[in-house]
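Here is the structure we will look at.
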Amino acid sequence: MKCQLILKKFDLDLDKLKKKLDHFQISTDKIANRLQISGNIDLGELQKVSEIDRVLVEEKEASQFKLEDLRKDMSKLGKNKFHLQIKTYNSVKIPPGSLKKKLYPIIKENENSKNKIILELFKEKEKTFYRIFSYQEKGMQDKSKYSNITVLIENPRLVEEISDFLRLCLIFNLKFKVIHSNKNEFERMLNKAKSMTKGKLSDFKVEVVKDLSKTDGIKIGFSKHAQKDEKEFIEFLKNNNKNLLFIFGNDTFGLTQQARDKLDYSFSLTPDKVKPLKANQALAYILGIYTSLR
Ligand SMILES: C[S@@+](CC[C@H](N)C(=O)[O-])C[C@H]1O[C@@H](n2cnc3c(N)ncnc32)[C@H](O)[C@@H]1O
1275 MKCQLILKKF
1285 DLDLDKLKKK
1295 LDHFQISTDK
1305 IANRLQISGN
1315 IDLGELQKVS
1325 EIDRVLVEEK
1335 EASQFKLEDL
1345 RKDMSKLGKN
1355 KFHLQIKTYN
1365 SVKIPPGSLK
1375 KKLYPIIKEN
1385 ENSKNKIILE
1395 LFKEKEKTFY
1405 RIFSYQEKGM
1415 QDKSKYSNIT
1425 VLIENPRLVE
1435 EISDFLRLCL
1445 IFNLKFKVIH
1455 SNKNEFERML
1465 NKAKSMTKGK
1475 LSDFKVEVVK
1485 DLSKTDGIKI
1495 GFSKHAQKDE
1505 KEFIEFLKNN
1515 NKNLLFIFGN
1525 DTFGLTQQAR
1535 DKLDYSFSLT
1545 PDKVKPLKAN
1555 QALAYILGIY
1565 TSLR
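Numbered according to the numbering used here, the sequence shown spans residues 1275 to 1568.
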């Protein structure tokens, strides 16, 4: 078995690390400049070495690039869903995006999967080669406890407002709706917000609705003017596990009266009744409360 190691660079003592690994054959990979080990490797033991951040397991050794061969290799890995990253070195001209599309009938991709596959392409003596590694993402927590949450902004006016919500939706795996009277105009803002936010958002859908009347879930609005405060919100969360729709006004005008009239509940947040949070700050604060209770 052959593995490459991604190291924790902070305060790294390479000599100390090499001593810990002295029962393996150690070399430095010349393409990606990573420490490479081979031998009888116990992955569980290797993961415990404090200097190592990630262990990349070589699934396919370097071979000359032929799409058909690559497809065969990928299909062997494709029984379970994984997230594929493609990296190119030494001025390989194959665009990762279009290569991924050519592999889509074969691979089953899930961007949120903890199983990661790295496909690397590099050039040597004018020929293109590929190799494949896998690794398990550490430290990602289960996001399923947020699966009953949808967030909604009423009439977002700024690309930044949408971008800030998109970021939280990505991190917590939330569904996102907006109330907007002009779907095309909103889609234009959404596309700008997606490129500003970066991250895996190309397939992320935001549903545009005309008002709150046809939305599912318990409608919970947030406003600094609401009678019920955050202590009552905490009690509400303790007793409600159903689909929750968290509704926010835009940063300029807040929630309209029309939206307030359709709410099942409304709550105010923070100890302050004068200065409002921005909507994305309110959402982050709510998610903190929610996480602490689940
Ligand atoms: C910048 S605020 C809107 C300010 C608006 N001028 C107003 O007074 O409602 C944006 C949104 O964040 C949420 N929000 C901000 N501060 C809040 C608070 N203290 N309690 C509950 N929600 C709050 C509300 O949904 C609000 O519509």
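Ideal Cβ positions, reconstructed from N, Cα and C, are used throughout, including at glycine.
Nearest-angstrom Cα separation, counted from L1281 out to G1313 | Residue numbering aside, residue 1313 sits at position 39 when the sequence shown is read from its first letter. Residue numbering aside, residue 1281 sits at position 7 when the sequence shown is read from its first letter. Taking the straight line joining both Cα atoms gives about 19 Å.
Report buried or exposed for S1476, applying the criterion of at least 16 other Cβ atoms within 10 angstroms of its Cβ.
-> Numbered from its first residue, the sequence shown carries residue 1476 at position 202. Result: exposed.
Give every residue of the same chain whose Cβ lies closer than 6 Å to the Cβ of N1386, excluding the five residues on either side of it in the sequence, and list them in chain order.
-> Taking the sequence shown and counting its residues from 1, the one referred to as residue 1386 is at position 112. Take N1386, set aside five residues on each side of it, and no residue of its chain has a beta-carbon closer than 6 Å to its own.
Beta carbon of R1534 nearer than 9 Å to that of S1497 = Stepping through the sequence shown from its first residue, residue 1534 is reached at position 260. Stepping through the sequence shown from its first residue, residue 1497 is reached at position 223. Closer than 9 Å, so yes.
Simplified DSSP assignment, three categories, for R1568 = On the sequence shown, residue 1568 is found 294 positions in, with the first residue counted as 1. R1568: coil per DSSP, three-state reduction.
Heavy atom of ligand 1 less than 8 Å from the Cβ of K1536, yes or no?
-> Translated into the one-based positions of the sequence shown, residue 1536 becomes position 262. Relative to ligand 1, even the nearest heavy atom lies 8 Å or more away from the CB of K1536.
Within the present structure, is the beta-carbon of F1510 separated from the nearest heavy atom of ligand 1 by less than 8 Å?
-> As a first step, residue 1510 must be located in the sequence shown, where it is residue number 236. Taken from the Cβ of F1510, every heavy atom of ligand 1 lies 8 Å or farther away.
Tell me whether P1545 is buried or exposed, calling it buried when 16 or more other Cβ atoms sit within 10 Å of its Cβ.
-> Indexing the sequence shown from 1 puts residue 1545 at position 271. If you draw a 10 Å sphere on the C-beta of P1545, you find fewer than 16 other C-beta atoms in it, and that means exposed.
What is the DSSP secondary structure of S1387, reduced to helix, strand or coil?
-> Translated into positions along the sequence shown, residue 1387 becomes position 113. Under the three-state reduction of DSSP, S1387 is assigned to coil, being neither helix nor strand.
Per-residue burial, P1430 [other beta carbons within 10 Å of its own, 16 or more giving buried] = The count along the sequence shown starts at 1 and reaches residue 1430 at position 156. Buried, by the Cβ-count rule.
Per DSSP, Y1404 forms a beta bridge with which residues?
-> What you label residue 1404 is simply residue 130 of the sequence shown in a count that begins at 1. Y1404 is bridged to S1337, L1395.
I think S1349 touches D1343, with their Cβ atoms under 8 Å apart; what is that distance to the nearest whole Å?
-> Position 75 of the sequence shown, counted from the start, is the residue given in the question as residue 1349. Position 69 of the sequence shown, counted from the start, is the residue given in the question as residue 1343. About 11 Å; that fails the 8 Å criterion.
Taking buried to mean at least 16 other C-beta atoms within 10 Å of its own C-beta, is F1284 buried or exposed?
-> For the purposes of this step, residue 1284 is taken as residue 10 along the sequence shown, with counting starting at 1. Exposed.
Please state if the CB of F1407 and the CB of E1332 are separated by a distance shorter than 9 Å.
-> Translated into the one-based positions of the sequence shown, residue 1332 becomes position 58. Translated into the one-based positions of the sequence shown, residue 1407 becomes position 133. Taking 9 Å as the Cβ cut-off, E1332 and F1407 qualify as a contacting pair.
Less than 8 Å between the CB atoms is what I'm expecting for L1511 and Y1564, so what's the real figure, rounded?
-> For the purposes of this step, residue 1511 is taken as residue 237 along the sequence shown, with counting starting at 1. For the purposes of this step, residue 1564 is taken as residue 290 along the sequence shown, with counting starting at 1. A Cβ-Cβ separation of about 6 Å places L1511 in contact with Y1564 under the 8 Å criterion.
Euclidean distance between Cα positions of S1301 and L1395 = As a first step, residue 1301 is located in the sequence shown; it is residue number 27 there, counting from the start. As a first step, residue 1395 is located in the sequence shown; it is residue number 121 there, counting from the start. Here the alpha carbons of L1395 and S1301 stand approximately 20 Å from one another.
Consult DSSP for K1346 and reduce its assignment to one of helix, strand or coil.
-> Counting from one through the sequence shown, the residue named residue 1346 turns up at place 72. K1346 sits in a helix when the DSSP states are folded into three classes.
Check whether the Cβ of F1541 lies closer than 8 Å to any heavy atom of ligand 1, and answer yes or no.
-> Looking up residue 1541 in the sequence shown gives position 267. Within 8 Å of the C-beta of F1541 there is at least one heavy atom belonging to ligand 1.
Cβ separation of F1522 and L1557, assumed to be a contact under 8 Å, to the nearest whole Å | The count along the sequence shown starts at 1 and reaches residue 1522 at position 248. The count along the sequence shown starts at 1 and reaches residue 1557 at position 283. For F1522 against L1557, the beta-carbon gap comes to about 7 Å, under 8 Å, which counts as contact.
Taking Q1321 as part of the alpha helix (DSSP H), name the residues at either end of that continuous run.
-> Locating residue 1321 in the sequence shown gives position 47, where the first residue counts as 1. First-last of the alpha helix (DSSP H) with Q1321: 1317-1321.
4-residue-minimum alpha helix (DSSP H) runs that sit fully inside the stretch 1415-1478, ordered along the chain | The stretch 1415-1478 contains these whole alpha helix (DSSP H) runs: 1433-1446, 1457-1471.
Kindly examine ligand 1 and report whether one of its heavy atoms sits closer than 8 Å to the Cβ of F1439.
-> On the sequence shown, residue 1439 is found 165 positions in, with the first residue counted as 1. For F1439, the distance from the CB to the nearest heavy atom of ligand 1 is not below 8 Å.
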